[in-house]
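In UniProt numbering, the protein residues as written are 1 to 210.
Virtual Cβ for every residue (Gly too), placed ideally from N, Cα, C.
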Ligand code: VGL
Ligand code: ZN
């Protein structure tokens, strides 16, 4: 695959809390860093996202007395999976993985900072109304084709990929540069949902630059 001037690498939530040893570890989450660093060197544009919660965020199990991580509760906008406390603004767990070479990123977009609203998607918060501004940024910069990588396949990568398609972007997920949380077959379901929405899969080795 030859990259074009309108191509952008979108690096999703490669943060300490999602790596082995973090508060919400994604199995093999650290394995995405090598392929992503190689891709960062190839792409004309790089955007990075960070999960960026306030303390006591509504997606934390600890904010709901009697509830445990991975329970589902009803919030104002619908069902919400509860998570261990993770990616709290300003903490070490919320920092980008130290091995990630994010120096070339032109934009860091932070999401999930409203106390009562989660945001898996890099485009649209879980109320499905509040926009992060990413679609506007990409359009203003003339970026049309998105290559998604990072964590986690079945949550933030999935929702970002579906919303990217809904916004009309050509969307590819770099299959060896993502890892999933994988509860009850959620990774397999995520790939099926993305395929049905027209999201393409590509191996990082097939991306060779301009
Ligand atoms: C994520 C669960 C909670 C993710 C973020 O980055 O996929 N998953 N917050
Ligand atoms: Zn989160």
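Helix, strand or coil at residue i according to DSSP, with G and I counted as helix
i	result
residue 69	coil
residue 18	helix
residue 192	helix
residue 182	coil
residue 198	coil
residue 102	coil
residue 6	coil
residue 74	strand
residue 126	coil
residue 61	helix
residue 177	strand
residue 26	coil
CA nearest to the CA of residue i, picked from the options
i	options	result
residue 196	166, 115, 54, 90	166
residue 203	186, 174, 178	174
residue 160	121, 153, 147	121
residue 133	163, 152, 148	163
residue 109	49, 103, 181, 54	49
residue 59	82, 157, 209, 205	82
residue 5	143, 185, 151	143
residue 115	125, 107, 99	125
residue 8	138, 156, 192	138
residue 183	56, 51, 70	70
residue 67	84, 100, 152	84
residue 33	150, 103, 112	150
residue 193	112, 56, 157	157
residue 141	2, 107, 127	107
residue 100	13, 135, 52	13
First and last residue of the uninterrupted beta strand (DSSP E) at residue i
i	result
residue 35	Here residue 35 belongs to no beta strand (DSSP E); instead the alpha helix (DSSP H) covers 33-40.
residue 89	Looking at the DSSP string, residue 89 is not in any beta strand (DSSP E), and its letter there is neither H nor E.
residue 55	No beta strand (DSSP E) holds residue 55; DSSP gives it neither H nor E.
residue 150	145-151
residue 116	First-last for residue 116: undefined, no H or E at that position.
residue 207	Unbroken run through residue 207: none, as it is neither H nor E.
residue 110	107-111
Extent of the continuous alpha helix (DSSP H) to which residue i belongs
i	result
residue 162	158-166
residue 136	134-140
Whole-number beta carbon distance between residue j and residue i, since they are thought to touch under 8 Å
i	j	result
residue 10	residue 54	Rounded, the Cβ-Cβ distance is 24 Å, inconsistent with contact.
residue 145	residue 169	7 Å
residue 177	residue 35	4 Å
residue 97	residue 148	Rounded, the Cβ-Cβ distance is 17 Å, inconsistent with contact.
residue 198	residue 190	Residue 198 to residue 190, Cβ: 14 Å. No contact.
residue 80	residue 118	6 Å
residue 17	residue 93	4 Å
The ligand HEM heavy atom lying under 8 Å from the CB of residue i
i	result
residue 59	Inclusion of the ligand HEM in the displayed structure is not the case, the ligand content consisting of the ligand VGL and the ligand ZN alone.
Notebook entry, point to check: Is it true that the stretch 29-43 meets the stretch 62-70, where meeting means three or more beta-carbon pairs spaced less than 8 Å apart?
Noted result: no
Next item on the list: Give a yes or no on contact between the stretch 38-51 and the stretch 70-79, applying the rule of three or more CB pairs nearer than 8 Å.
Entry: no
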